[in-house]
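Protein chains: 4
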Amino acid sequence: MDFGSENTSPVHPAFAEALASANHGYATNFEAEAWTGRALRALRDFFETDELWAFTVSTGTAANAIALGAMVPSYGSILCHWDAHIVTDECGAPEMFSAGARQVPLPGEHGRMSIDALSAHLREARVGVVHAVQPSALSLTNLTEAGTSYRPEEIAELTGIARKAGLGTHLDGARFANAVAFLNATPAQLSWKAGVDIVTLGTTKSGSFGAETIVAFTAKYNTGLAFLRKRGGHFAPKSRFLGAQIEAYVKGDLWLHNARHANRAALRMATGLARIDGVALVHPTEGNEVFASMPASMCDALVGAGCKFQRDWRLHPRHHRFVTSWATSDEDVDRMLDICRSASGSDQLIASASDQPLT
Amino acid sequence: MDFGSENTSPVHPAFAEALASANHGYATNFEAEAWTGRALRALRDFFETDELWAFTVSTGTAANAIALGAMVPSYGSILCHWDAHIVTDECGAPEMFSAGARQVPLPGEHGRMSIDALSAHLREARVGVVHAVQPSALSLTNLTEAGTSYRPEEIAELTGIARKAGLGTHLDGARFANAVAFLNATPAQLSWKAGVDIVTLGTTKSGSFGAETIVAFTAKYNTGLAFLRKRGGHFAPKSRFLGAQIEAYVKGDLWLHNARHANRAALRMATGLARIDGVALVHPTEGNEVFASMPASMCDALVGAGCKFQRDWRLHPRHHRFVTSWATSDEDVDRMLDICRSASGSDQLIASASDQPLT
Amino acid sequence: MDFGSENTSPVHPAFAEALASANHGYATNFEAEAWTGRALRALRDFFETDELWAFTVSTGTAANAIALGAMVPSYGSILCHWDAHIVTDECGAPEMFSAGARQVPLPGEHGRMSIDALSAHLREARVGVVHAVQPSALSLTNLTEAGTSYRPEEIAELTGIARKAGLGTHLDGARFANAVAFLNATPAQLSWKAGVDIVTLGTTKSGSFGAETIVAFTAKYNTGLAFLRKRGGHFAPKSRFLGAQIEAYVKGDLWLHNARHANRAALRMATGLARIDGVALVHPTEGNEVFASMPASMCDALVGAGCKFQRDWRLHPRHHRFVTSWATSDEDVDRMLDICRSASGSDQLIASASDQPLT
Amino acid sequence: MDFGSENTSPVHPAFAEALASANHGYATNFEAEAWTGRALRALRDFFETDELWAFTVSTGTAANAIALGAMVPSYGSILCHWDAHIVTDECGAPEMFSAGARQVPLPGEHGRMSIDALSAHLREARVGVVHAVQPSALSLTNLTEAGTSYRPEEIAELTGIARKAGLGTHLDGARFANAVAFLNATPAQLSWKAGVDIVTLGTTKSGSFGAETIVAFTAKYNTGLAFLRKRGGHFAPKSRFLGAQIEAYVKGDLWLHNARHANRAALRMATGLARIDGVALVHPTEGNEVFASMPASMCDALVGAGCKFQRDWRLHPRHHRFVTSWATSDEDVDRMLDICRSASGSDQLIASASDQPLT
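Residue numbers (the working numbering), protein chains in the order written: chain A, 1 to 359; chain B, 360 to 718; chain C, 719 to 1077; chain D, 1078 to 1436.
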């Protein structure tokens, strides 16, 4: 029972096979080989456009930071949801790659940036005034950090406001496939058709060894992307092994298969938890993450049974994060639910001070 | 016949096996798993010291840049050989990770930094004067970029001068194993026993998928190393796959086996080339690289036969680089030598203007 | 009637005299002259301590950015009030000088940082976790940006919390003299005795040509301060003219005289405004700034009469900033009040939609 | 007898008067006042073009760093003479303002960059290859650091090569007036007419309190210049005092008068020194600097008499720098020459080991 992160799962066999089959003979280093080229073509099919350029890297933090670094001047700012991974969990990588731009966290329910908050910030941002940092990029996340999915029209509305104000638009797609699968949408609908300039498309959380792609739907950032990637130490000499994984992911339906599996597991968990006394779902489950508040004693019971999850993920109210992946089994979900159900019964008798929300 | 770089070779089966055997079950992400811990213990055995801390990353440029970034303030300078990879081929990554420190290229024969040049630079560097950047790190490379091996006492003399002046000491060990193997030395002799604070130990050029380690023999840079690694986007979520490769490399004699094989192939090539009219070895062959000048027509013949190598690697005189790896076969070396020999015969009749050195 | 900023005032004659009297004969450049030395001694008297080092620069933005840059690593964060000048009006200078550290704006009434907000942020900041930027400096402002004065014990409480968490402590003292004068305190009480490591002491807003001092009460940041100042282009060749102004400011009672004059003018204005219908003071007047909401028609009347002030300084509620200086005359204040009074009378009849608060 | 730097001289009375006359009444801060506007118009007359934008700052290091920072991406390089002030004496300020670009020092006789060296560097620079930093700016200095003057056609040839390769062109004009005066040229001939994009025009060394101007002959860098200036802490609140000095300098013939005076004094010194046994001029005297080698005992005699100069300015051969300014008197020059003459006589008898060149 490991719901701590998709990244604790084993690698999906398809990626292992992709690596093995790429490991034959010599191949020119630094992308002058066949695999990266094939990955590019597969990405153009996947996103249904030839106006697409791709830069592979090995981590999602790198992908986001390089994308934003190419988009934003040092005196610029990056507008993101206050709960975005780039601002909470990347140790200031976007600041580093942009030479010190500022991240501006904006509010919004259930991980979605508030349209009013975005508009208000841009209205008050003193554009053109040298004393103020200049809004330069909008960064959205889909699946959001609250496990919800932006609809195409929601993305389009936010990017529309941003583009009108001259901002570049970035989408952190670490869990892009989960959103596409949940919405029954196409990758194109959730990216360039909705006004996104750059998607950082993850495969790592979907089961690869670690392969992410900066997918640009405009050529204007290419020089910056190429040089920042190298300068940041992210240009892989043995690029074929990144290319092979990415091709494997987007060429067939591996991405969709893995995303649907994970989403179904999360839904099974969420549905189960919703029926347990003392448990409350904090966000709608629209992908492969479940956010729930529960009594501390229930958490203790889970921990005691060896269940891994992100305890005290966020406060207000205090809640916990459970993530599913391509590898999550129904058995593990059911076992976890059983533990919660058992803990729920005993709980009502021994609620303790430690169950109070932190302030 | 691919002598362009070790990185064009296929991955050695031992690394593929390491990956496969690590891919079972769940493992906590971000190094809180067993593989990274085992790699650390293996590194301590390999370097014969417990005063060792390790930070795994996926590229050599990242390893060097993070190490130097942790060692050097923004107003500092990094003293390296004028031919060092960090100054010629990393697109300013050390500048990026140090927030703008300066690289100072120093001369030296056959890839070895001149002791006089180092001493003279330090003597004239205006230490403590705010108008001047402050020498903060010495960076050596072993195997050098000229394919030669620094002896332990040569390293010790250079690091001694540097340490006396308060500098940190870094060794780019992308081909560390090749130097160790050539010299019949121990890893300890060529690193901390010779006054090196941090080695960036490569396995990529030795046959892995891409796994490098920042090996620190002092704890004083650890905070910087840990945070810069994350901030640079180089902290791998699925860290077990880096740990597994590194353990596989240093635990047994894989490192030595691969290095010896590559060194032998280079020696075979160098010995053969030395006997061919019109070919001159530019540097002694003390590892897995051969640097040779030859007539342009001979280069053309190699290219025509599909042989890959770094043509016009450096000028003064114009010469070319041939690299061998764990995968290089005697057949390929001999075939390459045959082509050169044939070209040598015809050459003497049709030497052309294009054979003149560039100016 | 110019209440836009202290910096629109003419320079006080004492500074002009200081410049003139320093302009005789030759003087070694870059602080190896007598004036800077005398300024240092005068500052030690002013702050009643010999544990003090000083670095003069020409702007307040430079002083703050160099101080914070010396205190904070690139992966660090700076905790400040959400209304602090460093975060609202310096175009990311602290980010630049710290190589991309993050500013974290915290709330608090009337320009004072909330102790609870500071404590809560530090409690949740994940200290030691590489995924998160690390709180590294507390930056307070006194006089605050709301024109209020932190009491010594308020500063001590905030710096105490910060120091316990290992943070450095910075005080933006662009209007330090106004706070000292208002509180009838000593400079020492409002700085090192209250736990402040570095004060950036302004004279520009107090009437000089442009001379600010980074005053450090610990030697531990001196290397960073000295090199960052030079590297940032802020080490003045003709340093005697900065030293002369700073000596003139702190040696006698020029600082106190100018601050008291400006504070009295602000109090006169605030007292007058408070009695006018439709005007509300937004913050207590504890220095030389008055913040007031008033009908738009009253603002229009002021603008029409040529009165300079910061209209729509902040929203929630919409209000305006009026600043007084050493040069402000009672006549100008009274004239401004007369205009407001007149506008108030007519106002009650023609209040319009444009007077509503922005949302 | 102070020949250490122009900056040890007192400020010329015309600048003191400019400051005094600007110090009347209120003036909007941050350049929204009359003086900066008048300075701009005066600069357009001075350079004979309306295609000119100006950004005033208080130090030459700031002017250079902001100009280069606006011109060069982080992965770019700046080509300059190996003796340029930006690379020897600004503590890496260009690196800081460009977020870590690299300075590439090129050789050349008497402070002038070798055309061959520039061409060769550009030919070998691997333009477009992500592994290499990309040449992005040419930076020249006139008066050079060797006290010589580039002719307009020499500048044009260098900038022509640079522009053809896509580089921006910068001229460090800390002693621009001295070159213009020596060559009997016009400011336009030595700047935009010779292919220079940005001149950093100094007045500080010409006798002001400290006022430098970034003069751009193209609008394309304006956004970067404006934001970097503010972000670097170099946007002066009381801008009128910078504007007033710059207007005073370029409007009439103050710049020419001061430059001619200083140049004449240097020529007097050089002519005198050339006739003294044991003294050798190291560079032609084409401005207000004299570089001479002389016996150590002669240096000692000068030092003993209280004469200030830059001893051991450069080695190969060891020589010394003497700078004249608007304030240098014939008496001081003659007194200095007398001391050298006296020392020369005694010298021939007691030449000592300490006179040997450093190695």
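For glycine and all other residues, C-beta sits at the position ideal for the given N, C-alpha and C. Predicted model only: the values in this text are computed from it and were never measured.
Taking residue i as the reference, which of the options has the closest Cα?
i: asparagine 725 (chain C); options: C:Arg820, C:Asn1006, C:Pro1013, C:Leu856; result: C:Asn1006
i: arginine 126 (chain A); options: C:Arg830, C:Ser1015, C:Ala855, C:Cys809; result: C:Cys809
i: alanine 655 (chain B); options: B:Tyr509, B:His642, B:Val638, B:Lys667; result: B:Val638
i: threonine 148 (chain A); options: A:Ala137, A:Asn178, A:Lys164; result: A:Asn178
i: alanine 292 (chain A); options: A:Leu19, A:Arg314, A:Cys307; result: A:Arg314
i: phenylalanine 241 (chain A); options: A:Gly306, A:Pro107, A:Leu122, A:Ser208; result: A:Ser208
i: arginine 461 (chain B); options: B:Ile557, B:Ala603, B:Ala491, B:Glu468; result: B:Ala491
i: histidine 593 (chain B); options: B:Phe535, B:Pro676, B:Ala426, B:Thr630; result: B:Ala426
i: glycine 1114 (chain D); options: D:Gly1349, D:Leu1199, D:Leu1344, D:Ala1325; result: D:Ala1325
i: alanine 734 (chain C); options: C:Leu943, C:Glu872, C:Gly961, C:Ala903; result: C:Gly961
Go ahead and label residue i buried or exposed: buried means 16 or more other beta carbons lie within 10 angstroms of its beta carbon, across all protein chains shown.
i: serine 329 (chain A); result: exposed
i: glycine 166 (chain A); result: exposed
i: alanine 1069 (chain C); result: Interpretation of alanine 1069 (chain C) is limited by its pLDDT of 43, a score under 50 that renders its predicted location unreliable; no figure is taken from the coordinates.
i: proline 1229 (chain D); result: buried
i: asparagine 1219 (chain D); result: buried
i: valine 303 (chain A); result: exposed
i: aspartate 1411 (chain D); result: exposed
i: arginine 471 (chain B); result: buried
i: proline 546 (chain B); result: buried
i: lysine 938 (chain C); result: exposed
i: proline 1394 (chain D); result: exposed
i: glycine 928 (chain C); result: buried
i: phenylalanine 97 (chain A); result: buried
i: aspartate 659 (chain B); result: exposed
Are there any heavy atoms of the ligand GDP lying less than 8 Å away from the beta-carbon of residue i, as far as the coordinates show?
i: serine 909 (chain C); result: Summarising the ligand content, the structure contains no ligands, and the ligand GDP is consequently not present.
In chain A, which residues lie less than 9 Å from residue i when you measure between Cβ atoms?
i: alanine 817 (chain C); result: Glu95, Met96, Ala99, Gly100
In chain B, which residues lie less than 8 Å from residue i when you measure between Cβ atoms?
i: alanine 42 (chain A); result: Under the 8 Å cutoff, chain B gives no residues; its nearest Cβ is about 21 Å from alanine 42 (chain A).
i: tyrosine 1152 (chain D); result: Cys450, Gly451
i: glycine 4 (chain A); result: Thr387, Asn388
If you measure from the beta carbon of residue i to each beta carbon in chain A, is any gap under 9 Å?
i: threonine 630 (chain B); result: no
i: valine 1437 (chain D); result: Outside the shown range of chain D (1078 to 1436) lies residue 1437 (chain D), about which nothing can therefore be said.
Using the beta-carbon of each residue, which ones in chain B are nearer than 7 Å to residue i?
i: phenylalanine 209 (chain A); result: Lys597, Phe600
List the residues of chain C that residue i touches, going by C-beta distances under 9 Å, in chain order.
i: tyrosine 580 (chain B); result: Within chain C, no residue comes near tyrosine 580 (chain B); the closest Cβ sits about 12 Å away, beyond 9 Å.
Is there at least one Cβ from chain D nearer than 9 Å to residue i's Cβ?
i: isoleucine 994 (chain C); result: no
i: arginine 260 (chain A); result: no
i: valine 775 (chain C); result: yes
i: alanine 32 (chain A); result: no
For chain C, is any of its Cβ atoms less than 9 Å away from the one on residue i?
i: proline 1212 (chain D); result: no
i: leucine 427 (chain B); result: no
Please list, in chain order, the chain A residues whose beta carbon lies closer than 8 Å to that of residue i.
i: histidine 1397 (chain D); result: By Cβ distance, chain A contributes nothing, its closest Cβ being about 40 Å from histidine 1397 (chain D), past 8 Å.
Does the CB of residue i have a neighbour CB from chain B at under 9 Å?
i: valine 848 (chain C); result: yes
i: glycine 1180 (chain D); result: According to the sequence shown, residue 1180 (chain D) is glutamine rather than glycine. Output row for glutamine 1180 (chain D): interface = yes.
i: alanine 63 (chain A); result: yes
Task: Contact between the stretch 7 to 18 of chain A and the stretch 383 to 402 of chain B (3+ Cβ pairs under 8 Å) - done: yes
Open item on the list: Can you confirm whether the stretch 152 to 162 of chain A touches the stretch 1329 to 1339 of chain D when touching is taken to mean that 3 or more C-beta pairs between the two stretches lie within less than 8 Å?
Closed with: no
Open item on the list: So, does the stretch 424 to 443 of chain B touch the stretch 936 to 953 of chain C, judging by three or more C-beta pairs under 8 Å?
Closed with: yes
Open item on the list: Whether or not the stretch 1341 to 1361 of chain D and the stretch 1129 to 1149 of chain D are in contact is what I'm after, with contact meaning three or more pairs of Cβ atoms, one per stretch, closer than 8 Å; do they touch?
Closed with: no
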